[in-house]
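Under this note's numbering, think of the first position of the sequence shown as 13, with each following residue one higher.
Beta carbons are placed, not taken as given, at the ideal position from N, Cα and C, and that holds for glycine.
Note that the structure is a prediction, hence the values are computed from the model and not measured.
Let me begin by presenting the structure, written as structure tokens, before commenting on it.
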Amino acid sequence: MGARPAPAHRRIEALAVESSASATWNGELMGGSGSVRVASGAFSEQTLTWRARAESRESGTSPEELIAAAHAGCFAMALSFGLGNAGHAPERLDTSARVAFQPGAGITAIHLTVRGRVPGLSEDAFREAAEGAKANCPVSKALAGVPEITLEASLEG
Numbered sequence: 013m014g015a016r017p018a019p020a021h022r023r024i025e026a027l028a029v030e031s032s033a034s035a036t037w038n039g040e041l042m043g044g045s046g047s048v049r050v051a052s053g054a055f056s057e058q059t060l061t062w063r064a065r066a067e068s069r070e071s072g073t074s075p076e077e078l079i080a081a082a083h084a085g086c087f088a089m090a091l092s093f094g095l096g097n098a099g100h101a102p103e104r105l106d107t108s109a110r111v112a113f114q115p116g117a118g119i120t121a122i123h124l125t126v127r128g129r130v131p132g133l134s135e136d137a138f139r140e141a142a143e144g145a146k147a148n149c150p151v152s153k154a155l156a157g158v159p160e161i162t163l164e165a166s167l168e169g
């Protein structure tokens, strides 16, 4: 009987869930390379290099791309929750996040874009809900040190 693998997500407080990932780096920063893995197996191991992070996206990923994915997903869920609680469940929310990384300065800006299909909701009410989601999604809160987080929100049709 072998040891059971650690779960990808586990409860750490009464309602809290812990997620995990790991990274390996080989060599010095400019010429080295590494990889990142998520414990859930949701996607395959991804390559990291300084070039992919700071110069081009020919191959591999970057910490900033992973942050963009996390922020887009968290924001979409927070907006869906807020709209649903207000009696306006969305049919669809298409969200993207762009994370600006500047060598030497770090993450300098994040731009969120959301386009939604929400029957019976005005453009102004949608923008207000989107601003609330931006302020309250857990990833936005974790990224509070980023100098600028902007939002563009619009309804379809």
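- DSSP places H100 in no alpha helix (DSSP H); its state is neither H nor E.
- Only residues of its own chain outside the window of five on either side were considered, and among them A145, N148, C149 have a CB closer than 7 Å to the CB of A90, listed in chain order.
- For A137, the closest of G94, S74, L155, Q58 by C-alpha to C-alpha distance is G94.
- Around the beta carbon of F55, a 10 Å sphere encloses fewer than 16 other beta carbons of the protein chains shown; the residue is thus reported as exposed.
- Taken atom to atom, the span from the alpha-carbon of E140 to that of W37 is near 42 Å.
- Assignment of V48 by DSSP, reduced to helix, strand and coil, places it in the strand class.
- Following the DSSP letters along the chain, one finds V158 in no alpha helix (DSSP H), marked with neither H nor E.
- When only Cα atoms are considered, G39 and T61 end up about 11 Å apart.
- Within the model, the alpha-carbon separation for S166 versus V158 is close to 24 Å.
- In the DSSP assignment, V126 forms a beta bridge with T107, A165.
- Spanning the alpha carbons of A117 and G43 requires a straight line of approximately 20 Å.
- For E30, the enclosing beta strand (DSSP E) begins and ends at 29-31.
- A direct Cα-Cα distance of roughly 11 Å separates S34 from G46.
- When DSSP states are grouped into helix, strand and coil, S92 belongs to the helix group.
- Per DSSP, L60 is one residue of the beta strand (DSSP E) stretching across 58-61.
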